[in-house]
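A short write-up of the structure that comes next.
Numbering (UniProt numbering), first residue to last: 1 to 257.
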């Protein structure tokens, strides 16, 4: 059994995937990236020939196909930034408004750079001085280059990242992953709770290893013998000298004649 996760470029689901693997080791998870223009395709794709997904991390708004009912939960906002060449006048500013952007960059400052919708190529064109681009901050970070600079545009519309899945295909696994993304703790999860001792303390990895070794010994009928594990006396087995500053002897004292 495997949970299939699709995520739009700019989103980094590494943390959530790691938590899933810790809590649900018996349920695998596979993840793949997708372009924003095709971010809903994995929900309508043919599973025999194309990549499909159980749940998606998407960028709003969504152009939902007719007949597809989605459950959508917004997660966080992304600020808008303008990407310009390092030598551009805008690169010297800490932030700017849309009006300032129009004055400094001209009409080419809206949307992606002209020439190609592919972001990698768009960034190449911007670096060559062919326009500028307003993009979500995560996209600018994903395609960062030494010859480009991204500056916040304070009054540009922000975008939102959300988690989405087909309502009719809501499963326990999907609900568990949604809970992880929204910050549900292991204690409140319906999945595997963390192991605790009799006092309710969560066991560490070292505690679990010791408990497993002890259970293995008990299962094999081997128990520690009394005194086993204690430090042995070094040397020939004689008792240690209680006064290291004086000569030591193990011989019994005799009477003088």
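Using N, Cα and C, we set each Cβ at its ideal position, and we do this for glycine too.
Rounded separation between residue i and residue j - CA only
i	j	result
residue 78	residue 166	24 angstroms
residue 50	residue 32	12 angstroms
residue 161	residue 214	47 angstroms
residue 159	residue 23	31 angstroms
residue 34	residue 100	33 angstroms
residue 93	residue 169	48 angstroms
residue 180	residue 20	7 angstroms
residue 178	residue 185	12 angstroms
residue 46	residue 15	29 angstroms
residue 152	residue 70	32 angstroms
residue 142	residue 175	29 angstroms
residue 102	residue 25	52 angstroms
residue 125	residue 12	25 angstroms
residue 269	residue 121	Because the chain spans 1 through 257 in this model, residue 269 falls outside it and cannot be assessed.
residue 171	residue 74	19 angstroms
Proximity to residue i [Cα-Cα], best of the options
i	options	result
residue 43	90, 37, 55, 143	55
residue 183	17, 102, 144	17
residue 62	119, 41, 87	41
residue 60	136, 171, 176	136
residue 260	138, 104, 94	The requested residue 260 is not part of the displayed model; the chain covers only 1 to 257.
residue 129	153, 90, 152	90
residue 10	131, 186, 104, 76	76
residue 104	74, 131, 175	131
Identity of the residues DSSP links to residue i by a beta bridge
i	result
residue 25	Partner(s): none; residue 25 has no beta bridge.
residue 186	Answer is none; residue 186 lacks a bridge partner.
residue 59	161
residue 31	5
CB contact flag (residue i, residue j, <7 angstroms)
i	j	result
residue 133	residue 81	no
residue 1	residue 30	no
residue 96	residue 155	no
residue 157	residue 58	no
residue 127	residue 85	yes
residue 150	residue 72	no
residue 36	residue 8	yes
residue 173	residue 3	yes
residue 106	residue 53	no
Cutoff 7 angstroms: residue i Cβ touching any chain D Cβ
i	result
residue 20	In the displayed structure, chain D is absent; only one protein chain is listed.
task = List in chain order: all unbroken alpha helix (DSSP H) runs of 4+ residues lying wholly within the UniProt domain "LysR substrate-binding" (120-184).
result = 137-142, 172-181
request  = Jot down the residue ranges of each uninterrupted beta strand (DSSP E) in the segment 68-95, minimum 3 residues, whole runs only, in chain order.
outcome  = 70-78, 80-85
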